[in-house]
Each structure stands twice: as structure tokens, then as C-alpha cells.
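Following: one structure in C-alpha cells, then a few remarks.
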Amino acid sequence: MDPILYTILLCVIVFGISLGAAAYMTWGERKLAAVLQDRVGPSRAGPFGLLQPIADGIKMIFKEEMIPTHSNRWLFVLGPCFFMLTACMTSVVIPWGSGLTINDTFYRMQVTDINIGLLYLLGVVSIGVYGIMIGGWASNNKYSLLGALRASSQMISYEVAMGLSLIALVMTTGTLQLGEIVRQQDGGFANVVYQPLGFLIFLICAFAETNRAPFDLPETESELVGGFHTEYSSMKLGFFLFAEYINMFISSAVMATLYFGGYNFPFQHELGLEGNALAIVQSLVFMLKISGFIFLFMWIRWTLPRFRYDQLMNLGWKILLPLALANIFITGLVMFFSGKLG
Amino acid sequence: MKELLIVSLAGIAVLAADVIKFRKAVLPIAVASLFSLIFFCIVDWGRNENPMDNNMLLFDNFALGFTAILTFISLCWFLITTEYFGNDARRTDLYALTLFSICGAVLMVSYTNLVMLFLGIEILSIPLYVLAASKKGDRLSNEAGFKYFFLGSLASAILLFGIAMVYGATGSFDLGIISTASTAMSSPTPLLNAGIVMIFAGFAFKVSAAPFHFWAPDVYQGSPTPVTAFMATVVKGAAFAAMFRLFSGTFGSFIETYGDVIAIISALTLIIANIVAAVQTNVKRLLAYSSISHAGFMLGAILSAQNGDPKILLYYILTYGIASLTSFIVLYHVSAYQQGAEDFNAFKGLVKRNPVLAGAMTLAVLSMAGIPPLSGFLAKYFVISSVLQSGYLWLVIIMILTSVVGAYYYLRIIIAMFTPLENSGRIVVSDFQKYLFLLLSLLMVGLFFAAAIPDWLY
Amino acid sequence: MLTEYTFWFLSFLAVFSAFAVILSRNPVHSVLYLILTFFSIAGHYFLLNAQFLAAVHIIVYAGAIMVLFLYVVMMLNLNQAEPQRTSAWAKFLGAGAAGILMLVMIAVIRKAEQGTPAGLPVNAGTVENLGITLYRDFLLPFELASVLFLGAMVGAVYLSKKEIT
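Chains as they are written, first to last, in our numbering: chain A, 313 to 654; chain B, 88 to 545; chain C, 4 to 168.
Take a look at the structure:
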């Protein structure tokens, strides 16, 4: 197959998986919330309410579309689109599997393995906030604006610690390529063993970057109505809500890739599986790891109360940032004394 | 290298002392580090170390000499401004910022790589933007900081653009390689030419030479007076030393091409600064314009840089630095006792109110005017004679004429001090400061005789 | 071929958005156009094979600095810039000076020698090569930049903290 065509096809598949996963995460979240609160949850549309996401989607699309009179129309539309775009963009560097061989042609399962993969990831994360800011400002509503400002300062604060925790990881792996990072974890320990503190910091920052509880201050309903999407309706609101689930899915995938071995699993070569069969099992294991993280996201959301804003800032700047720096320092020391420096 | 380490570590040590609530140690740390800096400059003198760290820095006699005199002026500055900084929390921050700024100055006199030059300028400037705005409640101070920051970053950008072009033309940041590459050309290529002009423009801003001087009066007037004193002495001196290093050695072969440009800018600076200074009523603004006019003189020293003798510039910076520091600090004391008044009336009757201040101010002003037997005279004389040797007779005539204008407004300050004033309280300064003023006055006279003795400095 | 088209597209985008930055009446639009300019410049870095620079350019400028810019502009609620009373003379002189600078630049760059400097590998912009250059040849400036940042940090803290009196 033509390489360009294949890349485009792969992009479509990856986006499709992300969107599909995000759709069923809404169902999963509601079910899980119901279980935690001793309720039934969605149960009417289809068996176990499995058709609920589709019903929700149709409802969203057919709702009346409203653009506030005094808003900035162009930016008002751009905001959710941009947020959705950045949410999907990260998925192209994640290795979803080791690759399939069909008719002697190798089909990789990663859209592109650029050698600055980690930086690309950080870059996309760092521009992700623009969707919220543009949307919140263009709504011309003070609650929206406050939500947007909260989102931007929160994301900026946690990006720093996130980037620094990744630096320690780069020090141990010696590469910025996600595919290479995953291959290195084949057979050995997963990176979380070498970088437990780094993983913890990354995890907390991932919660903050996706605006999930307990860091969902940009959309605190008790003080800011709906936060940055107060004025949004119909599918534009859907984009904001949906992109949040995509973000969650992707950051789970990133954590699984970077710290938990990606598509590798223990004793994978002892199973007796070869080639395509192994690759498919690996991809399924990867999905399982992602589901684990998504479960963690939801579990925490329905368990922990929200931070106060000053607590959030203190945690980011006064605890996570020094911890991340200390982590880099310790990693450097250990590498120096264990002679792992080239 | 150790010179650089001392001063940057001193800045960090000052901050650390504040963290462990040992604020008393702040001034001693700063002073001790500057003393040791001068000490090491003397120890290393004449050793001519090889360029180190991949040709980034070279502490030759040029660098050591300028480091020593800039450090000496900073040392005097630290000791004489203790009253302004007091003993509160902000002192630590401001001292640390000043030390970082001095670190930039050390870089600017010792660089052998354009990257280091740019870093040095930024390390020097960024703390200064903050220092200029350090009187937070004062509108003028805020304006000064803002103006300095905006225009200063623009100048830095232009300088950086120039450095990029020089890199494009010669393929290196290293002064040695650039020098070799540019000597190989009979005349500079357009790219190199544009690069050098932009670097020169960036420098002209930093030393406040006309027509890049518009920021200087406002910034000098708005900043707290001790900060102004630091800007007018150490900062200007470091910028000129950096300029000399670049235009004497590296671009020395093109001096015919740029000689006229430098001469015209020097003449413009002298004429504009002196004429505008003559009509000022605010002494601080007047001193700012006087500082600009001295930049015109020092440009003359750059003009004759291909003779390769930095002593003229060194002597000028030292004498001008001492005189300027003295005048600004006296102004600080005078205006502090009259609710911040800075006009001529504030100086009335200073002879009676504090003879030491009045004496030091008189000497400083006369030295800046270039009256013998004060060191400022010799400084101007050396510059004028070397400009004459380079063949710019018309520039010499302008220098002499504008000096006459300068003498007029300098004398106005002296006349104001000697005008009697009824019912005026005394201005009290501590004994230590009194001795410092005496020391500075002594230096202004002593340096004249030191330099006048042939075969010792000259 | 594709590279060339990309180059022209990015150049057009960069120049257009840079003009839009200064011509927009609304400060928020200006900031957004500036972000677009940064993106197109980052694209140029990619074309020059300087991937690290491109990524860092986006992370630092578009992702951090411009977010703060936007934050401040939004917080101050500068919806519509006040009509600035710039005299016609100032505008004329400013445009004239900038125009002359542009002419000089065009003349200079037209006459400049093309090509990479000697001894510079084609893939000089990759992370590995950049790291080696930065930590071997330019180690001292790299370390000294920390003094610069420390100074800037102390200054920022000094200016923003409340005076304890």
C-alpha cells in the first residue's frame, strides 16, 4: 500500500478509536458513578444502557444551536474546534502495537515515530489550553472568562512539573522517541520501577492537565455556573465535553506507554505466540492498561472533593515543582554513581 | 574565570543569607566579594591566561584592568549607598540584583565570543530594569523601569540581530575567527557590514549616544538616585569596555569604514547633550545629560581604538566614574533632606549646611567639566590628543567647544552651592560616609598627579 | 517540491499573521495572530531540520509565554484598544525608518553568500547534535544563562511581592 495512503488510513483509524473510546467512556463514567453511589445508572437504551452514548450524541447534534449576541462569533466557533483538534493530535505518536505483517508487508501501528515524540507531546499539551481560553473569552460572559483564566493558569502551572518529570524519564531512557521507549521496556522492568516519583508527578499533572477532578476548577458548577462552557450549547458543548474524555484517554495511553511498558506485557515471549497473533494480544493488553488508568481517573473523580484554588497553586508550584527537580537530581546522581552515563 | 565565579556566587550567597535570616551578613558578603575580586585581578595581572572554555572568556590585562576599576567603583557604590538601602528585606534583593549586574559587567569586559557578549549585556541589563523600577510606589520610577525595559530589550534585539548577521558572514561567534575572516576581506561584505552597524546601534543605545539617547534622561531621572549612579558609572563603563574590545581588535581592520560614523555620532552626542543640559533646571536631569555628553567623549576613545591602547578609555571610565558617583550620591543626600527636591535651589547654601558634601560635589563637578588639576582634565586631554592623532580635527574642535558649554552648567551647580541661604538646617551624613567622600575627592585630585607623572601610567 | 510549497505557504502565513498582529484593533486578536506567527516560524524550523528548536519554540513561546500574554490581556479586559493619538509625523517617520531598514535588509541578504557554514553537518538541528554542541562547546554560556534567569526571577519576585512595612 502507498505509505502516504496508509498513514492517512492509520490516522483515521486512530482518531476513530479515540472517539469511540471517548464515547463509551461517558457511559463507563456514568455506570461507575452509579455503582459508587449505589444507583443503577443508564439502563434504558439497549442492554445495560449500552446505546446511551449514541442517544446522547444524537441529542447533542439535534439541540438548538445558540451563539450569544455579544460574543465573538468566529472565535466562539474556533474555541471548541481547536480544543478537539489538540485533543486528537497527541494520538499520532503513541505506539498502539508492535505492528502487523500481512503478505510480507509490515504495517506499523504508530502513525509516526518522530524522534522528538516526547517534545511533540508536551507541545500539543501546552497549546491545548488555547481552545478553552479562546472559547471562554469569546463567550463574553464573566463566568466563562473566569473559567478560562483558571484553566490557563492551572495548565501553565502543571505543565512545568509535567515537563520536568518527563526530563528525568528521558535521562534514563536516553531517547525522545516513544516507539523506542516502549521497545526498551520489552523484557526488562517497566519505567515506573525506575521512575516511581516521576510517574506520580506525571499522574497528578495529567489529572490537572485534563481538568479532571480534583482539579476541575475551570468548570466548578457551584461557583462558576459551567465554567468556560457556560454559553455553549448543542454540539459545540459536546465538543468540549467530548474532548475532555479524549484527553483522558490519550493521557492514559501516554502514561501506559511511558511508564508501564506500552504494549509490552510480562513473559510475552514465553507464550509461544508469534508475529501477528502476539501483536494483536499486545494491542489488547495496551488497551487493558489504558482502561486501568481510565478507571483510576473516574474512581478519583467520584471519590475525592475538589481542591481550593490556592491549594491547587500551592501544590503545583511549591510541592510538585521542587519534587520534580529533586527527582531529576536524584536520577542524575544514581545514573552517575551506577556508571550509566555514557 | 574565578573572577566570574566570585561575583555570581556572591549574588547567590546574598540571597541565601536572607533565606537563613542572617540579613546582617548581606553587606559584608557583597563588600568582601568585591574586595576579593579586586585582589584576584591584581594577582592575575600580567599572567595573560590562555582563552578558556572553548574560547569563551579571556582574562587578559584588558579584562582584568576593566574588571578592577569597575569593581572598585561598585565597591565605593556599595559602601556609600548603605543609607539608602537601609536594613529591610528589599535590601537583599537589590544587593543580589546589583551583584548579578556586576557579573554581567565582568562578562562584558572579558568575552571572546559574541554569545558571551550578548549574555553579558543581558545579565547586566535585566537586573537594572528592576533596579530602575525599584521604588515601587513612585510613578517616575515605574516609568523609568518600563521605559528602560522596553527600549533596552529593543536594543538587545537589534544587537542580537547584528550578531546573527556577523555569524552569517563569518560562520563563527568566536572573536578570533571573526577577526581572521574579516581581515581576509578587503572591505566588509554587505552582510558583515549590516551586522556591525546593528551591533554598533545596540551598543550606542546601551551607552546612550545620540541619536539613541532619548531614554537616558527619563530613566536616569526616574530611577532612585543610587541606582542612577550605578547606571551612569558601572553600566556605562562596562558597555564601553565591551565596545572597545569588539571595535579595537575584531573589527579593527575596518576602522576606516566606521571611523566617520563613530565620529559623527560622537559629535552629535556632544552637541545635543551639552546644549540640552545647559537649559535644565533639575540637577538630576542635568547630570543625566552630562553623563550622555561623557559618552560622546568616550566614543572618541573608541574611535582611536585601532591604536589599541585601552588605557585612555580605562582612565576616562575611572575618573568619570568616581566624579559621577560622587555627584549623584551628593545629590541623593541633598534631595533626601528636602522632600526629594532636585532643582538648583535645593543646593543653595550647601557649603554651610555640609562642607564635606559641598567640597566633594565641587571637585566632582569640576572634574567632569575638565578643569585642572583634577583627573577629569587629563582624561579629556588624553582622549582629545588620541582623536587628534587619528586625524579628526573637526571632532576635537567640537569636543573643546562643547566642553566650554559644559563648564557653564557645571558652574551653575557650584554657584548654587555657594549662594547663601537663610534658616537652613544642616545635612547630616555618617562619619564613615564623610571619609568615603573625602577618599573620593582625594582620588579625583590624586589620579591627576598619578597620570601626570610620565612613564608610570603613561 | 512539497518542501518548497510548504516553505511558501509558511512564509506567507508568517508575514500575513505578523501584519495582522499590528493591524488588529482588538488586542486578543493580536495575540492570537502572534501565536499563528510563532507556529509558522516553528514550521520553518522543521523545514530547516531543526526539530528540537521547533518543538521548544512551540512549547515555550506558543505554549507558555503567549498563554500568559493572553491571560493578561483577557484579565485586563482590553476589549478594544483605545484610539492612540499618534501624530501623523511620528507614523510617517516610523514607517520611513522601518522601510529603510527593510530595504537595507533586502539588499544585504540578496548579496549574501548562500549555503551552510563550513564544518556544520546537515543534521545539526537534531536533539543529539544540539545537545552535544550545547553541553560541550557552549557549556559556559549555557551555565551562565542560569545567572541571567536567577537575576530575572529575583527581579520579578521583587517587583511583584507586597512591601512589608
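Just so it is clear, CB atoms sit at the ideal spot from N, CA and C, and this is done for glycine as well. Please read all numbers here as calculations on a predicted model, not as lab measurements.
Quick test of your reading: residue i and residue j, contact by CB under 8 Å. State the CB separation rounded to the nearest angstrom.
i	j	result
Tyr497 (chain B)	Ala447 (chain B)	No, Tyr497 (chain B) and Ala447 (chain B) are not in contact; Cβ-Cβ is about 14 Å, not under 8 Å.
Thr402 (chain A)	Ile562 (chain A)	5 Å
Leu206 (chain B)	Leu142 (chain C)	At roughly 13 Å, the Cβ-Cβ gap does not stay under 8 Å, so Leu206 (chain B) and Leu142 (chain C) are not in contact.
Leu450 (chain B)	Met531 (chain B)	5 Å
Pro407 (chain A)	Val494 (chain A)	5 Å
Excluding the 5 residues flanking residue i on each side, which residues of the same chain have their C-beta closer than 8 Å to its C-beta?
i	result
Ser95 (chain B)	Leu186, Phe187 and Cys190
Leu616 (chain A)	Ala525 and Pro526
Trp543 (chain B)	Since pLDDT at Trp543 (chain B) reaches only 48, below the 50 mark, its modelled position is unreliable, and the value read off the structure follows with that caveat. Result list for Trp543 (chain B): Ala537, in chain order.
Counting contacts by CB-CB distance shorter than 8 Å, is residue i in contact with chain C?
i	result
Met625 (chain A)	no
Asn427 (chain A)	yes
Leu481 (chain A)	no
Leu262 (chain B)	no
Leu621 (chain A)	Sequence check: residue 621 (chain A) is Tyr here, not Leu. Cβ-Cβ to chain C under 8 Å: no for Tyr621 (chain A).
Glu209 (chain B)	yes
Pro311 (chain B)	no
Pro277 (chain B)	yes
Met599 (chain A)	no
Leu544 (chain B)	Reliability of the predicted coordinates at Leu544 (chain B) is poor, the pLDDT of 46 falling under 50, and the value obtained from them is presented with this limitation in mind. No, Leu544 (chain B) lies away from the interface with chain C (no Cβ there is under 8 Å from its Cβ).
Gly533 (chain B)	no
Ser353 (chain B)	no
Ala333 (chain A)	no
Val389 (chain A)	no
Phe233 (chain B)	no
Leu386 (chain B)	no
Ser95 (chain B)	yes
Looking at chain B, is there any beta carbon in it that lies within less than 8 Å of the beta carbon of residue i?
i	result
Leu114 (chain C)	The residue you asked about is not Leu; residue 114 (chain C) is Lys in the sequence shown. By this cut-off, Lys114 (chain C) is an interface position.
Phe72 (chain C)	no
Pro144 (chain C)	yes
Ala100 (chain C)	no
Can you name, in chain order, every residue of its own chain whose Cβ lies under 7 Å from the Cβ of residue i, other than the five neighbours on each side?
i	result
Val314 (chain B)	Leu218, Ala219 and Ser221
Val593 (chain A)	Leu585
Tyr254 (chain B)	Phe260
Val352 (chain A)	Ala346
Ala192 (chain B)	Leu157, Leu211, Val321 and Ala325
Ser469 (chain A)	Met625, Gly628 and Trp629
Ser161 (chain B)	Leu121, Ile189 and Val321
Leu181 (chain B)	Phe172, Leu218 and Ser221
Note down, in chain order, each residue of its chain lying with its Cβ closer than 6 Å to the Cβ of residue i, except the 5 sequence neighbours on either side.
i	result
Tyr545 (chain B)	With a pLDDT of only 43 at Tyr545 (chain B), under the threshold of 50, the placement of this residue in the model should not be trusted; the figure read from the coordinates follows. Hits under 6 Å: none found.
Ala155 (chain B)	Ile125 and Cys128
Met560 (chain A)	Thr522 and Phe609
Tyr171 (chain B)	Pro313
Val34 (chain C)	Phe72, Leu73 and Val76
Ala568 (chain A)	Lys601 and Ile602
At a cut-off of 7 Å, would you count residue i as near the ligand NAD, judging by its Cβ distance to the nearest heavy atom?
i	result
Ala525 (chain A)	No copy of the ligand NAD appears in this structure; indeed no ligand is present at all.
Check whether the Cβ of residue i lies closer than 8 Å to any Cβ atom in chain E.
i	result
Ala525 (chain A)	Note that chain E does not occur in the displayed structure, where the protein chains are A, B and C.
Using a C-beta cutoff of 8 Å, does residue i count as contacting chain A?
i	result
Ala17 (chain C)	no
Phe55 (chain C)	yes
Thr40 (chain C)	no
Met78 (chain C)	yes
Ile135 (chain C)	no
Val24 (chain C)	no
Ala159 (chain C)	no
Gly66 (chain C)	yes
Val130 (chain C)	yes
Ser43 (chain C)	no
Ala155 (chain C)	no
TODO: Give a yes or no on contact between the stretch 212–219 of chain B and the stretch 229–237 of chain B, applying the rule of three or more CB pairs nearer than 8 Å.
DONE: The way I'd put it, the stretch 212–219 of chain B does touch the stretch 229–237 of chain B; three or more beta-carbon pairs between them come closer than 8 Å.
TODO: Just list the beta strand (DSSP E) runs in the stretch 238–298 of chain B, keeping only unbroken ones of 3 residues or longer that don't cross its boundaries, in chain order.
DONE: Along the stretch 238–298 of chain B, the beta strand (DSSP E) does not occur as any fully enclosed run of 3 or more residues.
- [ ] Tell me, please, whether the stretch 103–112 of chain B touches the stretch 542–554 of chain A by the rule of three or more beta-carbon pairs shorter than 8 Å.
- [x] no
Open item on the list: Does the structure place the stretch 432–447 of chain A close enough to the stretch 606–613 of chain A that three or more beta carbon pairs sit under 8 Å?
Closed with: no
- [ ] Examine the Cβ distances between the stretch 482–498 of chain B and the stretch 15–22 of chain C and report whether three or more of them are shorter than 8 Å.
- [x] They do not touch, by the three-pair rule.
Task: alpha helix (DSSP H) runs wholly inside the stretch 42–105 of chain C, at least 4 long, in chain order - done: 54–59 and 69–78
Open item on the list: Whether or not the stretch 468–476 of chain B and the stretch 405–420 of chain B are in contact is what I'm after, with contact meaning three or more pairs of Cβ atoms, one per stretch, closer than 8 Å; do they touch?
Closed with: no
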